[in-house]
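J.: There's a structure below that I have some questions on.
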Amino acid sequence: MWTPELSLALALAIPAIGGVFVALLGKHPNLREAATLISAVLLALNVAYLVEIAPGHPTLELATLAPGLHLVFRLEPLGAMFAAVASGLWIVNSLYSIGYMRGNNETNQTRFYVCFCIAIGAAMGVALSGNLLTMFLFYEVLTLSTYPLVTHKGDANAKRGGKIYLSILLGTSIGLLLPAVIATHFLAGSTDFVAGGLLAINEVTPMVASVLLVLFAFGIGKAALMPVHPWLPNAMVAPTPVSALLHAVAVVKAGVFAMLKVGVYIFGPELIDAAPASDALAWIAAISIVLASVVAMTKDNLKARLAFSTVSQLSYVTLGVMLASPLAMLGGALQIVMHAWGKITLFMSAGAIYTATKKSEISDMAGLGRYMPWLFIAYTVGALSIIGLPPLGGTWPKLFLMQGAWESGHGLLIVALVASSILNVAYLLPLSARGFFAAPEEARLKKKPPMLVILPPVITATGVLVLFFLIGPLRDYLAPVFMSSSLAAEAAS
Amino acid sequence: MDMLASLLPAGVAVHAPALIVVIPLIMAALAAFMPKGVWAWGITLVTAIAVAVLALNILGQVSTGGVISYAMGGWAPPAGIELRVDMLNVPLLLLVGIVGLLCVIYALPSVADEIAKKQQALFYSAFLVCFAGLLGVTITGDAFNVFVFLEISSISTYTIIAMGAGKDRRALTASYNYLVLGTIGATFFVIGVGFLYMATGTLNIADMALVLEETGHNRVTQAAFAFIVVGLGLKAAMFPLHVWLPNAYAFAPNFVTAFLASTATKVAFYALIRFVFSVFHPEVSFVAMSFTWLFAVVGVIAMMVASVQAVFQTDARRLLAYSSVAQVGYMMLGLGMGTAAGLSASMLHLMNHALMKGALFMALGAFALNFGVRRVKDLAGLGQTMPASSAAFTVAGLSLVGVPLTVGFTSKWYLVTAALERGWWWAVAALMISSLLALAYVARLLAAIWMENPPAGRDGTPPATRLAPWMVLAPMSVLALANIYFFFHADPLVGLARAAANAVMGGN
């Protein structure tokens, strides 16, 4: 029987079983890739069903560790949304991985695909988690399973990057996030995600909430709020499919998603609003947004530039949480979706350029758009979406965030958002201009890029366009989550 | 539990508390006369199995029938020697019995490699004496008897540590240092017991507690407290009385290190709890003061200083030895909270730490067995050449850091919760900083094992995969998997720890 509980379990089981098959089929590359693709499609179908049933909050108890400590899945719209983004893009990214890994003759491909499966499974675990303990568990699994992917190349540079990656992510999670989780359990007697906010219901004072909020904001290192962001640029030593799916979608989005979920279900908007720390954190997020954009301008390496752009864009979500108004939080949630589709397009483009030309510096990429027009069009669409121009998906989160900032009396923060969009134009579009209009250095490409690295970014670019028009249903789906108790009462009267 | 209680025929079960000490002692004598090491090992194995079964049976008896009081030789306490089992020392009996059994299985290949053939039988004999001593300390209800068994275990420990000299002669100085310090510790302890005898006129622990409750405390009992804490603290490697430990662990035979790290300091720590909580009372003012100003402070300093020292060690076993000192700090901190939650967290970590360190030292022993490596940098590439042992090492290492999916996480969870309950935010911070330091030193080991390439052979060929013998792999895997199993089923261990804390703190 296809029950909600079964479906929840399958979200974890499909990637896990897929991983086993990938490992077993290591000697037969075509079958192995088929296993990845089949798992990805099955997972996406399963998640589509989960999205459908999310408003009913199906629950699945995985294990009881000790009295009061449970591993639980509890579905809600935000988690369903994150799961849908991650699993949907996994299909596209798997196609792209095949093209990229084969096109660049990468070694240890079986390990690569197995770790990918585990990482996606962990992302599902984060998305579906019903309490902080479960979320923390899968959050750590996600860190550990992506470490071999980051250090995939195995050279000194990759090891160095991997070391920073692991020490910052494990360090912040053990040093700050874990005490925050335990303190929450201590204060509230559980770590369940509850509508209206677990800590708010348990009447935690704003001062204590402030301390916890700071611990969470920096403890969730995957959200890359400055100054705990350096792991992200350093993770760019990974092969590009990893950067694309994990460091633009699954891992970083798991971070900001966790932040959002903690904000909505652990603190609740009223408590965040009452906590003195939230204003300061909102400003830190705004500073992150602008500063990371400025740093991105200075980078000539395309992936490094995109990485700092991600740092900047992630802080939009944190900002949305800290502003604590329904519109700003909705903007943050939408940013998870829209930025994922836009940024994965950009990363896949960077990888496609590298596969075709072995070029990674923007200054070397003059005229390449003439040889790969579709790719550069896809890149430009993705970039415009990140900038926030209609009719592309990236428009909505920025709009809602600005409205939310105004609504919650932080009009000044709008300046930061506008400044960031202008900076986005300045660091993302030069590549398009250079690609199409500058004179190429070589008469033709050394190597024709495989179809499988061109097609996926084109697909996601189309997705970005489609998402612009899907805003109505998306908003209706997510909005109830942010109707805090008082607002719901208002709406009722 | 009923099943465990009926594990042995009633006639044997009645005498289980005595048998669990007497069997290893008799077998020790027998083992000494064996002409071949393997035969002595056989005797040791049979003994260890018997002890494990007896320990399980005693657990069954205590959980169904309550506290067992066994009058040795039929002489009723307090005049005679009492063996007494309650929920506080049952976990220790189980720990020594079961981890001891796993270590003994592991011993055969490891000892064959490290100890000269002629000495093997004597080695096993000395080990059995140590085994009996530890069980004796755990089970006896008589204060002077604790001293006797403590010395029995210590003297034999000096011997078996010194037998590491076959591989590295520094084992002799390590053992000698331990002998000097251990004797000082034992002397302190016996002076303390003497003072208590002076003040109470009895040597029975339960009786002492009763008398002290009536007469109250005076300078003599306060001095006794100080002497006993220092004496047992030295045995338990309480910072800064731990200086004997790093070298002893680093140069002893691998089997001995694995066994001592998971049992010996734990038993001494148990004895400390027994005296502090059962003989003295946690509500007596100077005892309560010692919690906050001695145990907690010393615990936190150990967690910091020893962890930092661990980060900079070059010898892998010394690194883990310093880590052990730091981990004892966690237990001291839990004890220092002076609450039931703190003490149970401490007991939980005591058991969990035995699971971690047992597996870790066994894996280091396996590396030494196959490749003769002991320095951190020599661990390079073992992930490729000894994948199974490396995997076990990794699981236990992550557990030491406190990563979820391992018991280390459970330990930390309960310790932090207990600290929050006590309102000790600084202790939470200390726990987290210490975890990060643990991450730093474990990462060094794991990075060497997994991220480096193995050194090439003389002719440039990479060394082939070498599996450790199954007698090494099996117990190591059991311990490593236990680290994961008891994360998902924390109930049994947490239950034991809670019951232990309640046994001495009252309440339920």
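Chains as they are written, first to last, in my numbering: chain H, 5 to 497; chain F, 509 to 1016. Cβ coordinates follow ideal geometry from the N, Cα and C atoms, glycine included.
1) Quick check: the Cα distance between glycine 225 of chain H and threonine 822 of chain F, rounded to an integer number of angstroms?
2) For chain H, is any of its Cβ atoms less than 8 Å away from the one on alanine 1005 of chain F?
3) Please go through the same chain and pick out, in chain order, the residues whose beta-carbon is closer than 6 Å to the beta-carbon of valine 530 of chain F, but skip the five residues on each side of it.
4) Which residues mark the beginning and the end of the alpha helix (DSSP H) in which histidine 343 of chain H is found?
5) For alanine 382 of chain H, I'd like the list of residues in its chain whose CB is within less than 7 Å of its CB, leaving aside the five on either flank, ordered along the chain.
6) Nearest-angstrom Cα distance between asparagine 762 of chain F and glutamine 113 of chain H?
7) Locate the alpha helix (DSSP H) running through alanine 714 of chain F, then write down its first and last residues.
8) In the DSSP assignment, find the unbroken alpha helix (DSSP H) run with arginine 78 of chain H in it and report its ends.
9) Pull out every residue of the stretch 54 to 67 of chain H whose Cβ sits closer than 8 Å to any Cβ of chain F, in chain order.
10) Excluding sequence positions up to five away, which residues of its chain have a Cβ less than 7 Å from the Cβ of glycine 467 of chain H?
11) Examine chain H for any beta-carbon lying closer than 8 Å to the beta-carbon of proline 962 of chain F, and answer yes or no.
12) For alanine 956 of chain F, which option in H:Pro243, H:Leu41, H:Ile102, H:Lys163 has the closest C-alpha, if you only look at C-alpha atoms?
13) Between the C-alpha atoms of threonine 361 of chain H and valine 909 of chain F, what's the straight-line distance to the nearest angstrom?
14) Are methionine 342 of chain H and serine 389 of chain H closer than 8 Å when you measure CB to CB?
15) Can you tell me which of the three DSSP states glutamate 590 of chain F falls into?
16) Strictly below 7 Å CB to CB, what residues from chain F border alanine 187 of chain H?
17) Interface residues of chain F around alanine 279 of chain H at Cβ under 8 Å?
18) Distance, Cα to Cα, serine 601 of chain F vs isoleucine 21 of chain H?
19) Is alanine 495 of chain H helix, strand or coil by DSSP?
20) Looking only at C-alpha atoms, which of H:Asp159, H:Leu174, H:Ile168, H:Gly201 sits nearest to leucine 146 of chain H?
21) Return the residue from the list F:Gly672, F:Ile528, F:Thr555, F:Val787 that minimises the CA-CA distance to threonine 765 of chain F.
22) Could you name each continuous alpha helix (DSSP H) segment of 4 residues or more that falls completely within the stretch 205 to 274 of chain H, going from the start of the chain to the end?
23) Compare the beta carbon distance of phenylalanine 777 of chain F and alanine 744 of chain F with 8 Å and say whether it is the shorter of the two.
24) Sorted by chain position, which residues of the same chain lie with C-beta nearer than 7 Å to serine 489 of chain H's C-beta, five sequence neighbours on each side aside?
25) Under 8 Å, Cβ to Cβ, is there at least one residue of chain F near phenylalanine 190 of chain H?
26) Would you list the residues sitting across from alanine 67 of chain H in a DSSP beta bridge?
27) For arginine 882 of chain F, which of helix, strand or coil comes out of DSSP?
28) Have a look at F:Thr646, F:Ser798, F:Ala964 and flag the residue whose alpha-carbon is nearest the alpha-carbon of arginine 592 of chain F.
29) Just list the residues that DSSP pairs threonine 648 of chain F with in beta bridges.
30) For chain H, check one thing: does any of its Cβ atoms lie closer than 8 Å to the Cβ of valine 924 of chain F?
31) Using a Cβ-Cβ cutoff of less than 6 Å, which residues in the same chain neighbour leucine 393 of chain H once the five nearest sequence positions on both sides are dropped?
32) Any idea which residues DSSP pairs tyrosine 375 of chain H with across the strands?
33) Return the chain-ordered list of same chain residues with a C-beta closer than 8 Å to the C-beta of phenylalanine 995 of chain F, the five sequence neighbours on each side being excluded.
34) Can you have a look at serine 832 of chain F and say buried or exposed, based on whether 16 or more other CB atoms are within 10 angstroms of its CB?
35) Does alanine 972 of chain F pass the burial test, meaning 16 or more other C-beta atoms within 10 Å, or should it be called exposed?
36) Applying the criterion that 16 or more other CB atoms from any shown protein chain within 10 Å of the CB defines a buried residue, is phenylalanine 631 of chain F buried or exposed?
T.: Checking against the coordinates, here is how it stands:
1) Working through the first sequence from its first residue, we reach residue 225 of chain H at position 221. Working through the second sequence from its first residue, we reach residue 822 of chain F at position 314. One C-alpha to the other measures close to 31 Å.
2) Within the second sequence, residue 1005 of chain F is the residue found at index 497, counting from 1. Between alanine 1005 of chain F and chain H, the shortest Cβ-Cβ separation is not below 8 Å.
3) Counting from 1 along the second sequence, the entry for residue 530 of chain F is found at position 22. Counting only Cβ-Cβ distances below 6 Å, and skipping sequence neighbours, we find nothing.
4) Counting from one through the first sequence, the residue named residue 343 of chain H turns up at place 339. First-last of the alpha helix (DSSP H) with histidine 343 of chain H: 330 to 361.
5) Residue numbering aside, residue 382 of chain H sits at position 378 when the first sequence is read from its first letter. Closer than 7 Å at Cβ, skipping near neighbours: Thr349, Ser353, Pro461, Val462, Ala465.
6) Within the second sequence, the letter at position 254 stands for residue 762 of chain F. Within the first sequence, the letter at position 109 stands for residue 113 of chain H. Those two C-alpha atoms are separated by around 38 Å.
7) Translated into the one-based positions of the second sequence, residue 714 of chain F becomes position 206. That run of the alpha helix (DSSP H) goes 713 to 723.
8) Position 74 of the first sequence, counting from 1, holds the residue named residue 78 of chain H. Boundaries around arginine 78 of chain H are those of the beta strand (DSSP E), 73 to 78, since no alpha helix (DSSP H) includes it.
9) For the stretch 54 to 67 of chain H, which is checked against every Cβ of chain F, the residues closer than 8 Å are Ala67.
10) As a position in the first sequence, residue 467 of chain H is number 463, starting the count at 1. Within the same chain, and ignoring the five residues on either side of glycine 467 of chain H in sequence, the residues whose Cβ sits closer than 7 Å to its Cβ are Trp345.
11) Within the second sequence, the letter at position 454 stands for residue 962 of chain F. The Cβ of proline 962 of chain F sits no closer than 8 Å to any Cβ of chain H.
12) Counting from one through the second sequence, the residue named residue 956 of chain F turns up at place 448. Closest in C-alpha terms to alanine 956 of chain F, from the list H:Pro243, H:Leu41, H:Ile102, H:Lys163, comes H:Lys163.
13) Start at 1 with the first residue of the first sequence, and residue 361 of chain H comes out as number 357. Start at 1 with the first residue of the second sequence, and residue 909 of chain F comes out as number 401. Using only the alpha carbons, I get a separation of about 44 Å.
14) As a working note, residue 342 of chain H is residue 338 in the first sequence. As a working note, residue 389 of chain H is residue 385 in the first sequence. Yes, the pair counts as a contact, with Cβ atoms nearer than the cut-off.
15) As a working mapping, residue 590 of chain F is identified with position 82 in the second sequence. DSSP places glutamate 590 of chain F in strand when its eight states are reduced to three.
16) By one-based count along the first sequence, residue 187 of chain H stands at place 183. Listed by position along chain F, the residues whose Cβ is nearer than 7 Å to that of alanine 187 of chain H are Leu928.
17) Locating residue 279 of chain H in the first sequence gives position 275, where the first residue counts as 1. Neighbourhood of alanine 279 of chain H in chain F, by CB distance below 8 Å: empty, with the nearest CB roughly 18 Å away.
18) Taking the first residue of the second sequence as position 1, residue 601 of chain F is located at position 93. Taking the first residue of the first sequence as position 1, residue 21 of chain H is located at position 17. The question names serine, but residue 601 of chain F in the sequence shown is leucine. The alpha-carbon atoms of leucine 601 of chain F and isoleucine 21 of chain H are separated by roughly 41 Å.
19) Counting from one through the first sequence, the residue named residue 495 of chain H turns up at place 491. Summary for alanine 495 of chain H: the model assigns pLDDT 48, below 50, so the residue's position carries little reliability; its value from the coordinates is reported in the next sentence. Three-state result, alanine 495 of chain H: helix.
20) Translated into the one-based positions of the first sequence, residue 146 of chain H becomes position 142. Checking every option, the nearest Cα to that of leucine 146 of chain H belongs to H:Leu174.
21) As a working mapping, residue 765 of chain F is identified with position 257 in the second sequence. Threonine 765 of chain F has its Cα closest to that of F:Gly672, out of F:Gly672, F:Ile528, F:Thr555, F:Val787.
22) Fully enclosed alpha helix (DSSP H) runs of 4 or longer: 210 to 223, 235 to 238, 244 to 249, 255 to 265.
23) One-based indexing of the second sequence puts residue 777 of chain F at position 269. One-based indexing of the second sequence puts residue 744 of chain F at position 236. Cβ distance < 8 Å, so phenylalanine 777 of chain F and alanine 744 of chain F count as in contact.
24) The residue labelled residue 489 of chain H in the question sits at position 485 within the first sequence. Here serine 489 of chain H scores only 47 on pLDDT, less than 50, and its place in the model is too uncertain to base an answer on.
25) Here residue 190 of chain H corresponds to residue number 186 of the first sequence, with the count starting at 1. Yes, phenylalanine 190 of chain H counts as interfacial toward chain F.
26) Start at 1 with the first residue of the first sequence, and residue 67 of chain H comes out as number 63. For alanine 67 of chain H, the pairing in a beta bridge is given by DSSP as H:Leu75.
27) Numbered from its first residue, the second sequence carries residue 882 of chain F at position 374. It is coil, neither helix nor strand.
28) Stepping through the second sequence from its first residue, residue 592 of chain F is reached at position 84. Nearest C-alpha to arginine 592 of chain F: F:Thr646.
29) The count along the second sequence starts at 1 and reaches residue 648 of chain F at position 140. In DSSP, threonine 648 of chain F forms a bridge with F:Leu591.
30) The residue given as residue 924 of chain F occupies position 416 in the second sequence. Any Cβ of chain H closer than 8 Å to the Cβ of valine 924 of chain F would place that residue at the interface, and such an atom is present.
31) As a first step, residue 393 of chain H must be located in the first sequence, where it is residue number 389. If we look at leucine 393 of chain H and ignore the five residues flanking it on each side, it has no Cβ neighbours.
32) Within the first sequence, residue 375 of chain H is the residue found at index 371, counting from 1. Beta-bridge partners assigned by DSSP to tyrosine 375 of chain H: none are found.
33) Here residue 995 of chain F is taken as the residue at index 487 of the second sequence, counted from 1. Excluding its 5 nearest sequence neighbours in each direction, phenylalanine 995 of chain F has C-beta neighbours in its own chain below 8 Å: Pro912, Leu913, Thr914, Val915, Phe917, Thr918, listed in chain order.
34) Along the second sequence, read from residue 1 onward, the residue named residue 832 of chain F stands at position 324. So serine 832 of chain F counts as buried.
35) Against the second sequence, residue 972 of chain F aligns to sequence position 464. Classification for alanine 972 of chain F: exposed.
36) Working through the second sequence from its first residue, we reach residue 631 of chain F at position 123. The residue is buried, with at least 16 neighbouring Cβ atoms inside 10 Å.
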